[in-house]
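So the structure is just underneath, and the comments pick up after that.
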Amino acid sequence: MSLIFIADDDPDVRELVEYKLVHAGHQVLSAANGQDALRLVPAARPGLDLLLLDVMMPGFSGFDVLTRLRRHEATRLLPIIMLTAKAQDTDVERGFTLGADDYVLKPFSPRELMNRIVAQLVPTGSRGTVHL
Amino acid sequence: MVRDVPDVCVQRRTTLGNDAEAPRLLPSSEHLRLETALAGSFELVAGIALFALAATALVVVLVPRSAATRLEFAVELVFVGVALVVLALLLSRRSARAVMRPLEVLDVALAAVTCGDFTVHVELERAAAEIQSVGESVNALVRELARLRVIEIERTKDQRVRRELSEVVHASLDLDHVVQRAVEVVGPALDVDRVHIRLRDGDGNGGGDQGWLAAEWRRSDDVASVLPLSAAVEPDPLIALIGVTDDRRAVVIDDTIDEARFDVEQREALEALGVRASLTYPLVVGTRVAGVLVASEQRAPRSWSDGEVMLTEGFALEIGRALDHALAFKLRDEMVDRMGVLDRAKNEFLSEVSRELRGPLASVVGYIELLTDGSAESVSAEQRRMLRIVERSGERLLVVIDNLLTMSRIEAGTFDPKLAPIDLGVVVRRVCDAASTTAAKDSLELDVNLEQDLDLIADEKQIERALHNLVSNAMKFTPGGGHIDLSARTEGSEVVIDVRDTGIGIPAEQQDELFTRFFTARATPRRGTLGAGLGLYIVKQIVDGHDGSVGAVSVHGRGSTFTMRLPAHPNPGDRGES
Numbered sequence: 075m076s077l078i079f080i081a082d083d084d085p086d087v088r089e090l091v092e093y094k095l096v097h098a099g100h101q102v103l104s105a106a107n108g109q110d111a112l113r114l115v116p117a118a119r120p121g122l123d124l125l126l127l128d129v130m131m132p133g134f135s136g137f138d139v140l141t142r143l144r145r146h147e148a149t150r151l152l153p154i155i156m157l158t159a160k161a162q163d164t165d166v167e168r169g170f171t172l173g174a175d176d177y178v179l180k181p182f183s184p185r186e187l188m189n190r191i192v193a194q195l196v197p198t199g200s201r202g203t204v205h206l
Numbered sequence: 062m063v064r065d066v067p068d069v070c071v072q073r074r075t076t077l078g079n080d081a082e083a084p085r086l087l088p089s090s091e092h093l094r095l096e097t098a099l100a101g102s103f104e105l106v107a108g109i110a111l112f113a114l115a116a117t118a119l120v121v122v123l124v125p126r127s128a129a130t131r132l133e134f135a136v137e138l139v140f141v142g143v144a145l146v147v148l149a150l151l152l153s154r155r156s157a158r159a160v161m162r163p164l165e166v167l168d169v170a171l172a173a174v175t176c177g178d179f180t181v182h183v184e185l186e187r188a189a190a191e192i193q194s195v196g197e198s199v200n201a202l203v204r205e206l207a208r209l210r211v212i213e214i215e216r217t218k219d220q221r222v223r224r225e226l227s228e229v230v231h232a233s234l235d236l237d238h239v240v241q242r243a244v245e246v247v248g249p250a251l252d253v254d255r256v257h258i259r260l261r262d263g264d265g266n267g268g269g270d271q272g273w274l275a276a277e278w279r280r281s282d283d284v285a286s287v288l289p290l291s292a293a294v295e296p297d298p299l300i301a302l303i304g305v306t307d308d309r310r311a312v313v314i315d316d317t318i319d320e321a322r323f324d325v326e327q328r329e330a331l332e333a334l335g336v337r338a339s340l341t342y343p344l345v346v347g348t349r350v351a352g353v354l355v356a357s358e359q360r361a362p363r364s365w366s367d368g369e370v371m372l373t374e375g376f377a378l379e380i381g382r383a384l385d386h387a388l389a390f391k392l393r394d395e396m397v398d399r400m401g402v403l404d405r406a407k408n409e410f411l412s413e414v415s416r417e418l419r420g421p422l423a424s425v426v427g428y429i430e431l432l433t434d435g436s437a438e439s440v441s442a443e444q445r446r447m448l449r450i451v452e453r454s455g456e457r458l459l460v461v462i463d464n465l466l467t468m469s470r471i472e473a474g475t476f477d478p479k480l481a482p483i484d485l486g487v488v489v490r491r492v493c494d495a496a497s498t499t500a501a502k503d504s505l506e507l508d509v510n511l512e513q514d515l516d517l518i519a520d521e522k523q524i525e526r527a528l529h530n531l532v533s534n535a536m537k538f539t540p541g542g543g544h545i546d547l548s549a550r551t552e553g554s555e556v557v558i559d560v561r562d563t564g565i566g567i568p569a570e571q572q573d574e575l576f577t578r579f580f581t582a583r584a585t586p587r588r589g590t591l592g593a594g595l596g597l598y599i600v601k602q603i604v605d606g607h608d609g610s611v612g613a614v615s616v617h618g619r620g621s622t623f624t625m626r627l628p629a630h631p632n633p634g635d636r637g638e639s
């Protein structure tokens, strides 16, 4: 069982992902905008295992949130999957450059998303080396 | 001029001396005159002598007297005869001179005229009335010739100036440049104090006589400018005063101090402007009066000649044509700029729309999956069938969105392939994985047959999209239970990829338009599967970008085979300019 945070301004998408994650036995936290995510995500560490982050949100965008979280000691190594409708190659590249661990395009198959999440939820001990 | 004169003319001219200073022609060669006179008198003198001799003989014979008186009489007669001969000689010489002198004068004068000297004037005061009359005719002829010659010279000059103006104004497509060069040519050609051009704004209706572009040439700095300081907003004062020439005819003003034409205020205003005479001609661009060409004199009135008015009309026509070109060019430039802005807006709009559509689609596609993958409880077979339709619609929407986005990139010119060695096997697997769910649900069999170790340099994402579009297309047109085969092999320096289906095929008459934009087949086996007609067009764009080719072979009712041929190692230099 893991604790997963989803930041997305679309309540339908939040509910969809929550439904799938809860059914898979995970706990879910959520935020509807970038500011809330920036406040709540570091507070949820160290228990928080993964962040699903939408890019286009009012106020702080997902990229803004990502940049700030990567500077934050508590969330520097937090697995983050970008969840976005920005489908252009340049957007994907930007996400990875800023430190995202994966990038899932909307619309997505919930099953496929679960696979990607599981792939990121490997023991944290082995993750540190990836970023160093 | 001198170059064209034959030698004889040069010679004659030299002997004539400076005729311009001496209107009366003097015969210059004494030798010539005497010789001609003597030769001309010879016959006359001989005739008179013969007549005298014959008369003497007759008288001697017919008047018989004594021998002594006969001899005396004969001697008297001989004396009389000799006196008569001498008298005749003197008379003949005189009359010869009276005729020959004026003739010589006329001859020399005509020779001078033949050689192009139209300044000659003959005076034959002592000549016979008939010869004087001839002299007057010669003078009239010379005057007429001189007049025609002046006209001819003017015309040649006008033509030369027009040609020069034409060359100058057509040498540039920049409006400011065109009008500036035009006034610089027209000014000296008309020999006036100043020439200026005003172009009106917009359609020439609302703007009245407000000019937005102006150029002025002045003979010297002493000549005042008639242009207002800010040409962009203020009306042209001169044109405001003399009226606008919308009737497309010249406005000719010889003297602005013309009480019949202008009232006191106008006359004062014109004086303040420094305009005493003007010649205004409208500049017609296309079908409308776009501006005016104005020549003006500052101090003196000027009686504009017909030739000058015509010349100005010619200038105006020439400038109008040049402006037409320049304006068309300017318009085209503006259009290109505007198109560029529109195009960027369109592409931004497309990517925004694409993003906005993807968000809600995420919910549609996601929830349908939850409903059909067993996460949700008790979905009936009928509901499942309905959900399948919704799901397929969602998938189609996604394809349309992707294709629109790709289209906008193709049109924006940012679709150049990023070439790198690719593993075609991996690409094909991804395409088949994506298609497998739909294939299974529609009872289609998807077979892949790849040659081992295919070596291909291409843009992986683009090739995946092309294959995806071909496979989606095949599935769309293949009824349940059909087959779709995807195979790839190397042929020479090319990698050949076939996507074969057992679908409904393409009617022969539609095959030519397959790869055009917005082509859609008129029938599909499943309801609601018609797309936006971009899929195959995008395939073609991708293949073209790789310097490859794509084609289709189809038998209506039996199936189709789409074949992509890609160079295994495309030469990057080929696309250097794109």
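Sequences listed follow chains B and U, in order.
Add 74 to a position in the first sequence, counting from 1, and you land on the number used in this note's numbering.
Add 61 to a position in the second sequence, counting from 1, and you land on the number used in this note's numbering.
Heads up, the beta-carbon is just placed ideally off N, CA and C, and yes, glycines get one too.
Which word fits residue i, buried or exposed, when buried means at least 16 other C-beta atoms lie within 10 angstroms of its C-beta?
| i | result |
| --- | --- |
| N189 (chain B) | exposed |
| R279 (chain U) | buried |
| L119 (chain U) | exposed |
| G142 (chain U) | buried |
| D357 (chain U) | Residue identity check: residue 357 (chain U) is Ser in the sequence provided, not Asp. Counting Cβ neighbours within 10 Å, S357 (chain U) comes out buried, since at least 16 surround it. |
| H211 (chain B) | Residue 211 (chain B) falls outside the range modelled here, since chain B spans only 75 to 206, and no answer is possible. |
| D324 (chain U) | exposed |
| L132 (chain U) | exposed |
| T180 (chain U) | exposed |
Are the C-beta atoms of residue i and some chain B residue less than 9 Å apart?
| i | result |
| --- | --- |
| P478 (chain U) | no |
| R416 (chain U) | yes |
| K522 (chain U) | yes |
| L403 (chain U) | no |
| D463 (chain U) | yes |
| R419 (chain U) | yes |
| G455 (chain U) | yes |
| V460 (chain U) | no |
| S548 (chain U) | no |
| L627 (chain U) | no |
| L517 (chain U) | no |
| L388 (chain U) | no |
| S412 (chain U) | yes |
| F623 (chain U) | no |
Hey, how far is the Cα of residue i from the Cα of residue j?
| i | j | result |
| --- | --- | --- |
| V355 (chain U) | I214 (chain U) | 24 Å |
| S554 (chain U) | A629 (chain U) | 6 Å |
| A159 (chain B) | M468 (chain U) | 17 Å |
| N510 (chain U) | D546 (chain U) | 7 Å |
| H92 (chain U) | L164 (chain U) | Residue placement at H92 (chain U) is poorly supported in this model, since its pLDDT is 46, which falls under 50; the coordinates are not used for a value here. |
| Q359 (chain U) | D316 (chain U) | 10 Å |
| A327 (chain U) | H238 (chain U) | The amino acid occupying residue 327 (chain U) in the given sequence is Gln; Ala does not appear at that position. Going from the Cα of Q327 (chain U) to the Cα of H238 (chain U) covers about 33 Å. |
| V246 (chain U) | E374 (chain U) | 14 Å |
| L90 (chain B) | R150 (chain B) | 27 Å |
| R405 (chain U) | D398 (chain U) | 11 Å |
| L431 (chain U) | P184 (chain B) | 8 Å |
| A377 (chain U) | E205 (chain U) | 31 Å |
| G121 (chain B) | I471 (chain U) | 46 Å |
| A333 (chain U) | A321 (chain U) | 19 Å |
| V136 (chain U) | A157 (chain U) | 31 Å |
Which residue or residues does DSSP assign as beta-bridge partners of residue i?
| i | result |
| --- | --- |
| T341 (chain U) | U:V312, U:V355 |
| E555 (chain U) | U:E552, U:P628 |
| P482 (chain U) | U:I518 |
| H257 (chain U) | U:E277, U:V355 |
| Q101 (chain B) | B:L77 |
For chain U, find out if any of its Cβ atoms is closer than 9 Å to the Cβ of residue i; answer yes or no.
| i | result |
| --- | --- |
| M75 (chain B) | no |
| S183 (chain B) | yes |
| Q101 (chain B) | no |
| A193 (chain B) | no |
| Q109 (chain B) | no |
| L127 (chain B) | no |
| H95 (chain B) | One point to set straight first is that residue 95 (chain B) is Leu, not His, in the sequence displayed. L95 (chain B) does not count as touching chain U. |
Does the ligand GDP have even one heavy atom less than 8 Å from the beta-carbon of residue i?
| i | result |
| --- | --- |
| Q359 (chain U) | Here there are no bound small molecules, and the ligand GDP is not part of this structure. |
Name, going along the chain, the residues of the stretch 423-437 of chain U whose beta-carbon falls closer than 8 Å to a beta-carbon of chain B. A423, S424, V425, V426, G427, Y428, E430, L431, D434, S436
Interface residues of the stretch 134-158 of chain B facing chain U [CB-CB below 9 Å]: Residues of the stretch 134-158 of chain B whose Cβ lies closer than 9 Å to any Cβ of chain U, in chain order: L157, T158.
Taking a cut of 7 Å between CB atoms, which residues from the stretch 80-92 of chain B lie near chain U? If you check each beta-carbon in the stretch 80-92 of chain B against every beta-carbon of chain U, the ones closer than 7 Å belong to D84, D86, V87, L90.
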